[in-house]
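Each residue of the sequence shown is one higher than the last, beginning at 5 in my numbering.
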Amino acid sequence: MQVTVKLFAGLRQGRFAAEKFVFDDGITIARIVEKHEISGSEVGILLCNGRHTDFSRKLEDGDIVSIFPKIGGG
């Protein structure tokens, strides 16, 4: 199945901004994050097709996953 993965801000460094990937059916967002060597602690917001989701979400063909880093400041 084909899934589009979009990375934002600092998560793009040394990786990509947006790319389409072919994954096995039933892959979770957690596995995609792991495959791209992103620490779960770096992730602030996860979206699937524009809606908030979590790491356990099983993806379907054509889904668009957006991964945003945690934002700090003070």
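We put the CB at the ideal spot given by N, CA and C, even for glycine. Keep in mind it's a predicted model, so treat the numbers as computed, not measured.
L63 (DSSP reduced to helix, strand or coil): Of the three classes helix, strand and coil, the one that applies to L63 here is coil, per DSSP.
Where A21 falls: helix, strand or coil (DSSP): A21: coil per DSSP, three-state reduction.
Do you know whose CA, among S45, R61, R16, S43, lies nearest L51's CA? When each option's Cα is compared against that of L51, the closest is R61.
Which of helix, strand or coil does DSSP assign to G48? Assignment of G48 by DSSP, reduced to helix, strand and coil, places it in the strand class.
Out of curiosity, what's the CA-to-CA distance linking V47 and F12? In a straight line, the C-alpha of V47 is about 10 Å away from that of F12.
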